[in-house]
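Input: a single structure, listed below in structure tokens.
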Amino acid sequence: MAEQLNLSSLKPAQARKDRKRVGRGLGSGKGRYSGRGIKGQKSRAGSHKMRVGFAGGQMPIYMRLGKQRGATSKDAMPIGPFRTSTVPVNVGALDRFDDGAEVTPESLVEAGLIKNTKTDVKLLGGGELKKSLTVRVHAISETAYKKVQKAGGKVELLRDAPPKRRKPAKAARAAKEES
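Taking our numbering, I'd label the letters of the sequence shown as residues 1 to 179.
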């Protein structure tokens, strides 16, 4: 039920800010230039935002650099089945697992070595490994492979080597020959 209105239940109205009245004489504090300063782009009517890359009449940097052509880094954005983003894990970090344990991306998440299993795991050769482990990862460096083997462990790759790219004409010819 709504509260009954009487003299004891009256509350003051919510405070509100008065509208700024500019240009009403010097005594008001907002006269003459109306808080906009003197001249310049910000003193004019309309929007004061410039487009992205605008350098105030100076030649913008994207025009000074010229057109960027050519191949980009192979480590740029992962594209298609050939490039995947990998998260590195060093061999030395695997010492926290028990001797004879199985190391998988899931167990690496539980150990706090990687955040999640969405990206591929690549084992790198940093540090020393003294325990015999079965390691299941997506990729492994040569030094890491040697260190795991030396410690008496086994390595299993979770994915086959990526297929080799062929030029469209050669691929079509190869498909014809196979059939």
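Using N, Cα and C, we set each Cβ at its ideal position, and we do this for glycine too.
Just so we're clear, the structure is a prediction, and the values are computed from it rather than from any experiment.
Inset, instruction - Report yes if the C-beta distance between residue 134 and residue 153 is below 9 angstroms; otherwise report no. - result: By one-based count along the sequence shown, residue 134 stands at place 134. By one-based count along the sequence shown, residue 153 stands at place 153. It is a contact, given that the beta carbons lie within the stated cut-off.
Legend entry - 3 or more residues per run - each beta strand (DSSP E) lying fully within the region 26–103: Qualifying beta strand (DSSP E) stretches, in chain order: 86–90.
Legend entry - contact_flag[the region 103–122, the region 57–66] where n(CB pairs < 8 angstroms) is 3 or more: Because the criterion of three Cβ pairs below 8 angstroms is not met, the region 103–122 and the region 57–66 do not touch.
Inset, instruction - Kindly indicate which three-state DSSP category residue 110 falls into: helix, strand or coil? - result: Along the sequence shown, read from residue 1 onward, the residue named residue 110 stands at position 110. Assigned with DSSP and collapsed to three states, residue 110 falls in helix.
Legend entry - Residue burial classification, residue 180 (beta-carbon count within 10 angstroms, cutoff 16): Residue 180 is absent from the structure shown; the chain starts at 1 and stops at 179.
Inset, instruction - Compare the beta carbon distance of residue 105 and residue 136 with 9 angstroms and say whether it is the shorter of the two. - result: Looking up residue 105 in the sequence shown gives position 105. Looking up residue 136 in the sequence shown gives position 136. Yes, the Cβ-Cβ distance between residue 105 and residue 136 is below 9 angstroms.
Inset, instruction - With DSSP collapsed to three states, give me the class of residue 123. - result: Here residue 123 is taken as the residue at index 123 of the sequence shown, counted from 1. When secondary structure is reduced to three states using DSSP, residue 123 falls in the strand class.
Inset, instruction - For residue 133, verify whether its CB is less than 8 angstroms away from any heavy atom of the ligand PLP. - result: As for the ligand PLP, it is missing from this structure, which has no ligand bound.
Inset, instruction - Taking residue 146 as part of the alpha helix (DSSP H), name the residues at either end of that continuous run. - result: By one-based count along the sequence shown, residue 146 stands at place 146. Run containing residue 146: 142–150, per the alpha helix (DSSP H) assignment.
Legend entry - From 158, 56, 35 and 16, residue whose alpha carbon lies closest to that of residue 119: Here residue 119 refers to the residue found at position 119 when the sequence shown is read from its first residue. Scanning 158, 56, 35 and 16 for the CA closest to the CA of residue 119 turns up 158.
Legend entry - Residues bridged to residue 156 [DSSP beta-bridge criterion]: As a working note, residue 156 is residue 156 in the sequence shown. In DSSP, residue 156 forms a bridge with 136.
Inset, instruction - Please work out which residues of its chain come closer than 7 angstroms, Cβ to Cβ, to residue 31, disregarding the five sequence neighbours upstream and downstream, and give them in chain order. - result: Taking the sequence shown and counting its residues from 1, one reaches residue 31 at position 31. Hits under 7 angstroms: 23, 24 and 25.
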